[in-house]
Each structure stands twice: as structure tokens, then as C-alpha cells.
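To start, the structure under review is shown below, and the notes come after it.
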Amino acid sequence: MISLIISLFLDGLLSVYEKVLHIRPMFSIVILSILFIRNYNNISFYYKICLFAGFIYDLLYTSTFPLNSLVFLLLGFIISKLYQIFKNNLLTGVLINIFILLIYRSITFIVLSIIGYLPFSFNLFIDDILSIVLTNTVFFLFVYIIFKDHKRKITKYGL
Amino acid sequence: MKLNRRRKKMEGKYLVLIIVLVVFILIGFISLSVKDDRGQTFIEKGLKDIGLNIQNILYTPFRFVGNKIDNYNDMKRIYKEYKALDESKSKTNLLEEENKELKKSVEDLKKLLDLKNSMSDYELVNATVINRNVGSWYNTLTIDKGAKNDVKVGMVVLTGSGLIGKVIKTNFYTSDVKLITTMDLNNKISVGILTDNNMTYGLLSGYDLKRKELLVIDIIDDTIIKEGDTVVTSGLSDAYPKGIVVGVVSKVENDDFGTSRRIRVKPATDFNYLNYVTILKGEISYD
């Protein structure tokens with residue numbers, strides 16, 4: 464939970480510098496897959512965390528309630544299903560992370576386009592996508608290394 | 005068996021119908037939620053203030069280091085400028101006199117035209133950017149001044165270089181600012197292009213993310229517009245006072261249909277470095 468709060472604040476703090484540093488932090492989304500691994504035995508609690516993260520994201524950063532609350536919940540659901548299908552290791556973790564980032568970006572783009580907040584432009588959609596993937600993959604690897612107990616817990620999960 | 009299958013099929017159809025309905029309702033709700041003029045609830049304002057102020061406290065050491073670097077760069081720049089100024093010292097007295105004359109002329113002209121919406125009629129309030137609302141699509145930022153500092157929705161926000169946007173939501177101690185680089189289709193600003201002979205008008209509508217240029221459409225006449233002409237707010241819209249610099253013309257081209265002219269404008273403000281901004285406090289009046 465602390466890691467989620469730190470990620471949320473890092474998202475906010477780095478947002479001021481993201482144009483200068485050419486990074487696109489979406490650490491709160493990255494941390495969702497890490498949190499699943501740590502809370503796999505209490506799935507309802509995990510979904511509550513997803514909802515909470517989305518709500519904070521909506522409230523503090525995007526003012527688009529309930530878009531992120533629902534999308535984060537959906538991402539949590541997708542993560543849980545993916546971890547049931549794929550074997551857990553660093554590579555799978557990275558791929559799942561990239562996949563949920565793309566899902567998040569696609570859903571928010573479609574919704575924001577439908578409501579007229581954004582023009583429906585493919586260039587806009589793919590803008591910065593490489594930066595998003597790179598920034599957040601580096602963060603995922605960093606967190607993966609920090610939480611040393613992941614591997615043990617993943618193995619316990621039996622995937 | 006057949007009846008069971010049919011029943012399942014019907015249930016499936018209802019389920020799809022319900023999901024589609026729920027999605028539509030949610031999109032409608034989100035659409036209402038993102039509207040700029042939506043009033044925020046007391047709880048929403050309070051929670052947002054608490055969260056953003058904690059973030060602001062955490063941001064302080066980063067800002068401190070950033071300011072030190074900026075100060076060092078500024079000192080280097082100022083020293084160079086000082087050297088240049090020192091050489092042109094003799095001209096200063098002459099310029100001061102000229103300045104006095106010009107000020108008097110401006111005052112006289114203002115009285116003559118009975119202008120009330122010039123920049124000097126506004127109280128300037130400085131604010132710090134505490135959040136650059138996550139994601140490049142939103143194009144909003146949050147500043148550390150709110151309703152308790154008499155900041156109101158609709159107030160214009162700028163930097164020393166030019167216009168950046170306007171306040172769209174106020175909390176108790178923070179406010180959200182919508183930038184002019186927004187791609188929101190409903191966001192249009194009336195601007196004037198200062199050409200050699202006169203001012204022609206257009207609508208600032210959209211932003212080219214790739215080329216980092218603002219787009220001005222609906223130019224009303226055939227006035228010759230050149231690269232380097234200054235674009236300012238026209239004062240015709242009910243949101244921005246007259247004369248705030250928006251940027252300079254970087255290209256004049258035909259629109260996608262080739263029916264009218266479109267202007268690309270290089271913004272006066274560097275939107276990558278927005279740490280401190282100024283709010284224009286005061287009501288915009290029209291004559």
C-alpha cells in the first residue's frame with residue numbers, strides 16, 4: 464500500500480518535469496501488477512486497492528471521475544487473469560506491464576475522444592508511446608528488484 | 005434442452021444490452037464530470053487540497069534544487085546583460101524621459117477610448133505550479149492558489165512571456181488551469197494578428213502536438229500576414245482581456261480543405277518549463 468502511495472506521489476511530482484525530462488510516468492499503473500503479486504491471496508482487497516488508486520488518480524490528477532477508478536479496476540481484473548494464464552517471471556512481468564499500459568492508454572483515449580475532450584487522431588494516440596513504455600518498464604524493473612520477496616511469493620502462487 | 009439453450013441465448017442478449025447501456029451511462033457521466041464549468045463538491049475540494057498540498061510539501065526539496073540551478077543560470081545571464089547595459093548607460097536618461105512621455109500618452113489614450121480591460125487594470129498574483137496533471141492529453145496544471153486567495157474560475161493565467169490559459173476549477177487552496185495548448189474541441193480563443201498595417205482576427209483552435217505549434221483558423225480578411233507577426237488576445241471573446249501575447253506566426257498555410265487560411269503560431273511561453281505563473285485578478289469588462 465505504501466508503494467502505491469509513493470507511486471501516486473511520484474506520478475504527480477514527476478508530472479511537473481515530464482516535458483523537460485522526456486519521461487511519461489504512469490507508476491501507479493505499473494505498481495498494480497506488483498501489488499497483485501503481493502496480495503494474490505486476498506483478491507477482494509486487491510480490487511479495492513485498484514479502485515482506490517483510480518479514485519486518487521481521478522481526484523488529484525485528471526479530474527475525470529469515474530474514468531480512472533473504473534479503468535484501474537478493469538486493469539486489476541486483467542492483471543489477475545493474465546497471472547493465472549502465464550507463468551510468472553521477470554519477462555512475463557514486463558510484458559504484462561506493457562500490455563496493461565497499452566490497454567489503459569487505449570481505453571482512456573477512446574473515452575476521451577468519444578466525449579469530445581480529444582480529437583480522434585492516431586498520431587495523438589501513438590504520441591509518446593515509446594517514452595511511456597520505456598519509462599515505466601524501467602520503473603517496473605526497479606521495483607521488481609527492490610521487492611526481493613516477489614519471486615518467492617510468485618512461486619508460491621504456483622504459476 | 006432446446007428451451008434451455010434459447011433461454012441462455014436470451015440471457016446473453018440481455019447481458020450485452022445491459023453492458024452497452026451501462027457503458028453509455030458511464031460515458032455520459034464522465035462527459036459531465038470533465039466539463040470545465042462543473043461545480044466541485046465540498047468533499048472533492050477538501051480531498052484535492054489535502055492531497056495536492058501534501059504533494060507540494062514533498063515537492064519542496066526538488067523545487068529548491070531546481071531553483072538553485074535556475075538562479076545560477078540566471079546569474080550568468082544577468083552578468084552578461086549587465087555588461088551590455090553598462091555600455092549603453094548613457095542612453096538611459098534619454099529613454100527615461102521618453103518613457104515618461106509614452107506613459108502619459110497611454111493614459112491620455114486610455115481616457116480617450118475609455119478602455120477598462122487593459123492589463124494594467126488587473127491585480128497580478130503569483131502562483132507556483134504544484135502539479136502538471138498526469139498525461140500529455142489533459143493539458144491542465146494545478147497551482148497553489150485557490151478560492152481562499154480570491155482566485156475565481158475564468159481568471160487568466162500567464163507567465164512573463166505570454167498567455168498560458170485560464171482557471172477552470174478552484175479548490176480552497178489550489179486551482180486547476182486549462183492550458184491554451186489543449187486539444188479540447190470546445191476550447192476556442194479569439195486572437196488578433198498584429199500585421200504591419202493593422203490587426204486581423206482569427207480563432208485559436210487546436211494545437212499541433214508534433215510541431216508544438218498553436219493553430220489559428222477562421223481568419224476573416226485578406227490582410228497580408230507574415231512570419232514573425234505577433235499574435236495577441238483580441239479581447240473580443242468573453243474570456244481573455246485584450247493584448248496578451250500568445251506567440252508569433254511561424255507559418256501561413258491553407259487549411260485541410262484549401263478554402264481558407266490557417267496560421268501556425270509558435271507559443272511565446274515555453275510550456276515545458278512552467279514552474280511559476282501569474283494570475284490576472286479582476287473582472288473583464290467590455291465597452
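Sequences listed follow chains A and B, in order. Following the working numbering, the numbering of the first sequence begins with 464 at its first residue and continues without gaps. Following the working numbering, the numbering of the second sequence begins with 5 at its first residue and continues without gaps. A virtual CB, placed ideally from N, CA and C, is assigned to each residue, including glycine.
* To do: Quick one: list the residues of chain B neighbouring residue 472 of chain A, beta-carbon separation under 7 Å, in chain order.
  => Within the first sequence, the letter at position 9 stands for residue 472 of chain A. The contacting residues are 59, 62.
* Does DSSP classify residue 42 of chain B as helix, strand or coil? -> The count along the second sequence starts at 1 and reaches residue 42 of chain B at position 38. In the structure shown, residue 42 of chain B sits in coil (DSSP, three-state: anything other than H, G, I, E or B).
* **Beta-carbon spacing of residue 490 of chain A, residue 602 of chain A below 8 Å** => Against the first sequence, residue 490 of chain A aligns to sequence position 27. Against the first sequence, residue 602 of chain A aligns to sequence position 139. In contact: residue 490 of chain A and residue 602 of chain A (Cβ atoms closer than 8 Å).
* From B:270, B:73, B:226, pick the residue whose C-alpha is nearest to that of residue 214 of chain B; which is it? -> Reading the second sequence from its first residue, position 210 is the one you call residue 214 of chain B. Closest in C-alpha terms to residue 214 of chain B, from the list B:270, B:73, B:226, comes B:270.
* Can you tell me which of B:46, B:249, B:248, B:166 puts its alpha carbon nearest to the alpha carbon of residue 281 of chain B? => Taking the second sequence and counting its residues from 1, the one referred to as residue 281 of chain B is at position 277. Residue nearest to residue 281 of chain B within the set B:46, B:249, B:248, B:166 is B:166 (criterion: CA-CA distance).
* Thinking residue 47 of chain B and residue 527 of chain A are a contact (beta carbons under 8 Å), I'd like their distance in whole angstroms, please. => Here residue 47 of chain B refers to the residue found at position 43 of the second sequence. Here residue 527 of chain A refers to the residue found at position 64 of the first sequence. Distance from residue 47 of chain B to residue 527 of chain A at the Cβ level is roughly 17 Å; contact not present, criterion being Cβ atoms closer than 8 Å.
* Asked: Just checking, does the segment 180-190 of chain B make contact with the segment 202-213 of chain B on the three C-beta pairs under 8 Å criterion?
  -> Verdict: yes, contact present.
* Asked: CB residue 575 of chain A to CB residue 512 of chain A, shorter than 8 Å?
  -> Against the first sequence, residue 575 of chain A aligns to sequence position 112. Against the first sequence, residue 512 of chain A aligns to sequence position 49. In this structure, residue 512 of chain A does not lie closer than 8 Å to residue 575 of chain A by Cβ.
* Determine the contact status of residue 234 of chain B and residue 245 of chain B, defining contact as a CB-CB distance below 8 Å. => Position 230 of the second sequence, counted from the first residue, corresponds to residue 234 of chain B. Position 241 of the second sequence, counted from the first residue, corresponds to residue 245 of chain B. The answer is no: Cβ separation not under 8 Å.
* To do: Under 7 Å between beta-carbons, which chain A residues line up against residue 35 of chain B? List them in chain order, please.
  => Counted from its first residue, the second sequence places residue 35 of chain B at position 31. Per Cβ cutoff of 7 Å: 578.
* Is the Cβ-Cβ distance between residue 253 of chain B and residue 172 of chain B less than 8 Å? -> Locating residue 253 of chain B in the second sequence gives position 249, counting from the first residue. Locating residue 172 of chain B in the second sequence gives position 168, counting from the first residue. It is not a contact, given that the beta carbons lie outside the stated cut-off.
* Please say whether residue 523 of chain A and residue 55 of chain B have beta carbons closer to each other than 8 Å? => In the second sequence, residue 55 of chain B corresponds to position 51, counting from 1. In the first sequence, residue 523 of chain A corresponds to position 60, counting from 1. Result yes, Cβ atoms of residue 55 of chain B and residue 523 of chain A sit closer than 8 Å.
* If we count Cβ pairs, one from each stretch, closer than 8 Å, do we get three or more for the segment 173-184 of chain B versus the segment 151-163 of chain B? -> Counting C-beta pairs closer than 8 Å gives three or more between the segment 173-184 of chain B and the segment 151-163 of chain B, which meets the contact rule.
* Asked: If you compare alpha carbons, which of B:206, B:227, B:199 is closest to residue 220 of chain B?
  -> Here residue 220 of chain B refers to the residue found at position 216 of the second sequence. If we check each option's Cα against that of residue 220 of chain B, B:206 comes out closest.
* Burial state of residue 547 of chain A (16 or more Cβ within 10 Å) -> Locating residue 547 of chain A in the first sequence gives position 84, counting from the first residue. Answer is exposed; the Cβ neighbour count stays below 16.
* Where residue 560 of chain A sits in the DSSP three-state scheme -> Position 97 of the first sequence, counted from the start, is the residue given in the question as residue 560 of chain A. Here residue 560 of chain A sits in helix by DSSP.
* Segment contact, 8 Å Cβ cut-off, at least three pairs: the segment 11-26 of chain B with the segment 491-511 of chain A -> Touching, no, given that fewer than three Cβ pairs across the two stretches are closer than 8 Å.
* Whole-angstrom Cβ separation of residue 135 of chain B and residue 557 of chain A, contact assumed at under 8 Å? -> As a working note, residue 135 of chain B is residue 131 in the second sequence. As a working note, residue 557 of chain A is residue 94 in the first sequence. Between residue 557 of chain A and residue 135 of chain B the Cβ distance is about 29 Å, and since that is not below 8 Å, they are no contact.
* Using a beta-carbon distance below 8 Å, is residue 586 of chain A in contact with chain B? -> Counting from 1 along the first sequence, the entry for residue 586 of chain A is found at position 123. Yes, residue 586 of chain A counts as interfacial toward chain B.
* **Beta-carbon neighbours of residue 536 of chain A, restricted to chain B and to distances below 9 Å** => The residue you call residue 536 of chain A lines up with position 73 of the first sequence. Neighbours of residue 536 of chain A in chain B, taken as residues at a C-beta separation under 9 Å, are lacking, since the least C-beta distance is about 12 Å.
* Asked: Where does residue 568 of chain A land, buried or exposed, given buried means 16+ other C-beta within 10 angstroms?
  -> The residue labelled residue 568 of chain A in the question sits at position 105 within the first sequence. Of the residues assessed, residue 568 of chain A falls on the buried side of the cut-off, its CB having 16 or more other CB atoms within 10 angstroms.
* Whole angstroms is fine: what's the gap from residue 120 of chain B's alpha carbon to residue 267 of chain B's? => As a position in the second sequence, residue 120 of chain B is number 116, starting the count at 1. As a position in the second sequence, residue 267 of chain B is number 263, starting the count at 1. Low local confidence applies: a pLDDT of 47 at residue 120 of chain B is under 50, so the model's placement there is unreliable, with the coordinate-based value given in what follows. If you take the alpha carbons of residue 120 of chain B and residue 267 of chain B, they lie about 29 Å apart.
* Using a Cβ-Cβ cut-off of 8 Å, state whether residue 247 of chain B counts as contacting chain E. => This model lacks chain E altogether; the protein chains it does include are A and B.
* Asked: What residues of chain A sit near residue 190 of chain B, judged by a beta carbon separation below 7 Å?
  -> Taking the first residue of the second sequence as position 1, residue 190 of chain B is located at position 186. Listed along chain A, the residues sitting closer than 7 Å to residue 190 of chain B by beta-carbon distance are 579.
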